[in-house]
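If you use this note's numbering, the sequence shown corresponds to residues 4 to 220, in order. For each residue, glycine too, the CB sits at the ideal point set by N, CA and C.
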Amino acid sequence: MIRSDEEQVAALERAILDRAEGLAGEYLGTAAQQRDNILHDAAERLRLTEEREVLAAKAAAERLQRRKVQAGELRIQAQLDQLRWGLALAVQSRLGERLRQLRDDRLAYLDWLAGLVAEGARLIPEGKLIAEVDAEDLEWLPAAWPELLNRAAPGRVIELGQRPAAASGGVLLRTADNRVRLDNRFEGRLKRLERGIQRLLMQHLFPHDSGLPPRGQ
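Next up, the structure:
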């Protein structure tokens, strides 16, 4: 009887152990699967994070490169603009010197003034005109004015103003009511020539740089 009880206890223990082993096996299998899932999910998250970081780094590098290129283009633009402006000023200075030399040659200067008066008489509508010159020209031009006017605009009434204009040479023509003016003083002509001078400089010095506008535009 005792032996039978012992056998029953042993059998029960074996059953419990077998059941425990079975449960342990099931739990281990489940745990292994969960571990694999966790590792897989972690690896996928890491891969996505690395991809995002790589893409972000690439985008940042591209933005930095674009900024460097744009900064370089701006530096070149500024240098070309400075060179162009310096050359334009040099050319304008030479033109100013040439106009002053022209003024020293009285006969050539009179011919030039006659051409300016003829241009004004052609461009400004019919009617009385006033011609304004600077103080220096007012000292001698009145005596030569009738002959100049007869050559430049015969039949047109153009009076020589008595008040000196602020200028260093040339002539400003205007209507009597001052509504229409043609500024052919040295300074006025140089200002009108400024943009053309810059454009010519760019065409001759930088023929392939058509995208750079003249300074001040």
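May I ask you to report which of helix, strand or coil DSSP gives residue i?
i	result
Glu10	helix
Gly158	coil
Arg17	helix
Asn181	coil
Pro128	coil
Asp108	coil
Trp115	helix
Glu56	helix
Glu65	helix
Glu142	coil
Gln85	helix
Could you please give me the residues that DSSP links to residue i through a beta bridge?
i	result
Asp186	Leu175
Glu135	Leu175
Since residue i and residue j should fall inside the 8 Å C-beta cutoff, what is the C-beta to C-beta distance between them, to a whole number of angstroms?
i	j	result
Arg221	Gly172	Only positions 4 to 220 of the chain appear in this structure, which leaves residue 221 out of reach.
Leu176	Gly99	Leu176 to Gly99, Cβ: 21 Å. No contact.
Pro167	Leu141	5 Å
Val120	Ala155	4 Å
Leu113	Ala147	6 Å
Val136	Val174	5 Å
Gln94	Ile200	A quick correction: the sequence has Val, not Gln, at residue 94. Val94 to Ile200, Cβ: 5 Å. Contact.
For residue i, report the span of its alpha helix (DSSP H) as first-last.
i	result
Arg166	Where Arg166 is concerned, there is no enclosing alpha helix (DSSP H), given that its DSSP letter is neither H nor E.
Suppose contacts are defined by Cβ-Cβ distances below 8 Å. Is residue i in contact with residue j by that definition?
i	j	result
Ala134	Leu105	no
Ala117	Leu144	no
Ala90	Leu203	Correcting the residue identity first, residue 90 is Leu in this sequence and not Ala. Not a contact, by the Cβ cut-off of 8 Å.
Thr178	Leu126	no
Ala170	Glu197	no
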